[in-house]
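Structure, as structure tokens:
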Amino acid sequence: MNETPATRSLRQRLAEAAFAPVDIAHLVWFRVAFGLLMVREAWCYLSTGRVGGYDLDPVSPFKYFGFSWVQPWPGWGMHLHFILAGLAGFGVALGWRYRCSAIVLFLAFAYVFLLDQARYLNHHYLVCLFAFLLIFVPAHRACSLDARRRPDLRSGEAPAWSLWLLQAQIVIVYFFAGVAKINPDWLAGEPMRVWLLRRSDYALVGQWFAEPWPPFLFSYAGLLFDLLVGPMLLWRRTRWLAFLSATAFNLTNCWLFTIGIFPWLALAATILLFQPRLPRPFPTLWRPLDRPVANGVLDRGRRRMVLVLVTCYVAFQILFPLRHWLYPGDAAWTDEGHRFSWRMMLRSKSGNLSLLVHDPASGESWTVSPLQYLTDVQYRKAAARPDMILQLCHHVVADLEAYGYRNLEIYAIGAVSLNGRPRRPLVDPEVDLAKEPRTLLPASWIAPFPGGPPGRQPASVPTQGEEGEVESGGVTAHRPPWLVHADGQHSCGRARIALH
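Throughout, our numbering is defined as the position within the sequence shown, counted from one, plus 206.
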């Protein structure tokens, strides 16, 4: 395709602007803050016993698509893993062997992130993205041990693309979080109403949370903040107002909700959107500050490659959160396209779940309590998420095959409430999930979204089963203790199964 002089001139100006030198203080401040937050995160895992959730039974049956091979380290391996992650965080904060430390930090937290899909949190995903970007961003050219050890590395400037890349990441997070809140439930004050009612015992302000107006105040304030904070931070006239709003917003989230390090990570990333020169503590670690970045270090081909990679990354981060539009139904109900899309704080989803196993060879049916395979936290997540229900059913069938059963059928029986609506089946109880493959395509076995206005309904948790033995296909099988004969009748599959 032939390019016009105007198009070529625009591309040249963008390329020159991307490699123009900018103040490195933003990158340094973020590098130090991010590294120290990762040290704190690793310490929290070690000091609060959260590591035990990864290296003790039950082993999680929930894996991200394509990553079922990621398993926890045996023995004390997980403790050593988090110690290494904490040391890597220190390395990034101090700028010591920066590239190596950033790579180790990214691999350490990405590995933990991939271990258990039930533990998905948006800020864990954001941590992985920021750790990945810091591998390539030259945030160690000032105020670092590497710069002190290598004077030729030291500079008070960095190429503009490195700052743009991190800025784009945090703006994308805020923007998509705001766009996702433009939905009927959020505009009606749900699920904020439920969350505030649960905090009505807070001193001084808790009494107000039962009033009708606070859910709307918090909901609309959060919507406007997410949509506007990025542009307001980039515009000089509103920068300080936006910074104060971001501080108040994130500190309020930290106080009201249990969302880990996300408020502190968001505040640290807010520094990236400031344009003036930032303060420089420890002056001896910043000198020389006046040595410019040499644009000629990278030849034209390598500069073009950098721009292509940066553009591809940003384009992916913009397009990937939109994939839920490719699936039918409401993503809050089906979970198809919900993760990795910055759809934060949008729903209160709870339910109950039991599994019905049927052996066609013997005609017998049994109930299986998910709590025999899952922790309480995993159960609460799985009962309300169709893809996790499917994984659990496949896991149960595979486990029972080890006891000598073959060609088992399994059905998910349960109901889910979304943002307080009356409970409705989430998964079609007529479908044998043992025969349904795990795929990224739309799932036909997910029940339709019930619709209707949101409300409030309680949740329940099933109990565990009893011990016993069964016969299957003429072969006596030692039945697992959680496999319990079901009572009554249940209509599932092609025929009505009598439950013994």
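C-beta: ideal position from N, C-alpha, C; glycine also.
Is the CB-CB distance between leucine 606 and valine 633 below 8 Å? Result no, Cβ atoms of leucine 606 and valine 633 do not sit closer than 8 Å.
Own chain, CB closer than 8 Å to histidine 601, minus 5 neighbours either side, in chain order: Once the five neighbours on either side are set aside, the close Cβ partners of histidine 601 are Pro267 and Tyr579.
Are there 16 or more other CB atoms within 10 angstroms of the CB of arginine 549, so buried, or fewer, so exposed? buried
Looking at valine 637: is its Cβ nearer than 8 Å to the Cβ of glycine 557? no
Need the endpoints of the alpha helix (DSSP H) that glutamate 247 sits in, please. Going by DSSP, glutamate 247 is part of the alpha helix (DSSP H) stretching over 231-253.
Continuous alpha helix (DSSP H) assignments of at least 4 residues falling wholly in the stretch 370-452: 390-393, 398-403 and 420-440
Hey, could you find the ends of the beta strand (DSSP E) lysine 269 is sitting in? That residue, lysine 269, is in no beta strand (DSSP E); it is neither H nor E in DSSP.
Alanine 314 versus Cys334, Arg305 and Trp401, residue with shortest Cα-Cα distance: Closest in C-alpha terms to alanine 314, from the list Cys334, Arg305 and Trp401, comes Cys334.
If we count Cβ pairs, one from each stretch, closer than 8 Å, do we get three or more for the stretch 440-455 versus the stretch 348-362? No contact exists between the stretch 440-455 and the stretch 348-362.
For the alpha helix (DSSP H) that contains isoleucine 289, what are its first and last residues? 283-300
State the beta-bridge partners of tyrosine 617 as determined by DSSP. Leu562
Reducing DSSP to helix, strand and coil, say where arginine 509 ends up. helix
Going by alpha carbons, who is nearest to leucine 552 out of Arg443, Cys460 and Ser425? Ser425
Between the CA atoms of leucine 340 and alanine 653 - distance to the nearest angstrom: 42 Å
Arginine 630, DSSP secondary structure in three states: strand
Only counting the same chain, and skipping five residues up and downstream in sequence, which positions put a Cβ closer than 7 Å to that of alanine 337? Ala308, Leu311, Phe312 and Phe315
Indicate whether the contact test is met: 3 or more Cβ pairs, each with one atom in the stretch 418-435 and one in the stretch 392-399, closer than 8 Å. When C-beta atoms of the stretch 418-435 are compared with those of the stretch 392-399, three or more pairs fall below 8 Å, so the two segments count as touching.
Nearest-angstrom Cβ-Cβ length linking alanine 589 and glycine 626, presumed shorter than 8 Å: The beta carbons of alanine 589 and glycine 626 sit about 16 Å from each other, so the pair does not count as a contact at 8 Å.
With DSSP collapsed to three states, give me the class of threonine 581. coil
Out of curiosity, what's the CA-to-CA distance linking alanine 239 and glycine 295? 10 Å
Along the chain, where does the beta strand (DSSP E) that runs through tryptophan 572 open and close? 570-574
Can you name the start and end residues of the beta strand (DSSP E) that glutamate 749 belongs to? In this structure the chain extends from 207 to 706, so residue 749 is not present and cannot be described.
Evaluate glycine 292 with the Cβ neighbour count: other Cβ atoms within 10 Å of its Cβ, from every protein chain shown; 16 or more gives buried, anything less gives exposed. buried
Using only CA atoms, which one of Ile467, Leu430 and Phe480 lies nearest to alanine 442? The question names alanine, but residue 442 in the sequence shown is arginine. Ranking Ile467, Leu430 and Phe480 by Cα distance to arginine 442 puts Phe480 first.
Just the Cα atoms here: how many angstroms apart are arginine 303 and proline 344? 12 Å
Using three-state DSSP, classify leucine 624 as helix, strand or coil. strand
From the DSSP output, which residues share a beta bridge with glutamine 556? Looking at the sequence itself, residue 556 is serine, so the reference to glutamine does not match. DSSP lists Ser623 as partners of serine 556.
For arginine 219 and glutamate 363, what's the separation of their Cα atoms in angstroms? 19 Å
Alpha-carbon spacing of leucine 300 relative to tryptophan 651, whole angstroms: 51 Å
Quick one: give me the first and last residue of the alpha helix (DSSP H) that cysteine 349 is part of. It is not in any alpha helix (DSSP H) - cysteine 349 carries neither H nor E in the DSSP assignment.
Name the DSSP beta bridge partners of valine 228, please? Ala364
Taking 8 Å as the cut-off, does the stretch 534-549 touch the stretch 562-577 (at least 3 CB pairs, one atom from each stretch)? no
Local conformation of isoleucine 524 per DSSP, three classes: helix
Going straight from the alpha carbon of leucine 252 to that of tryptophan 279, what length do you get? 15 Å
Check whether the Cβ atoms of leucine 403 and alanine 416 sit closer than 8 Å, and answer yes or no. yes
In terms of DSSP beta bridges, what is alanine 652 paired with? The displayed chain sequence assigns isoleucine, not alanine, to residue 652. Answer is Val633.
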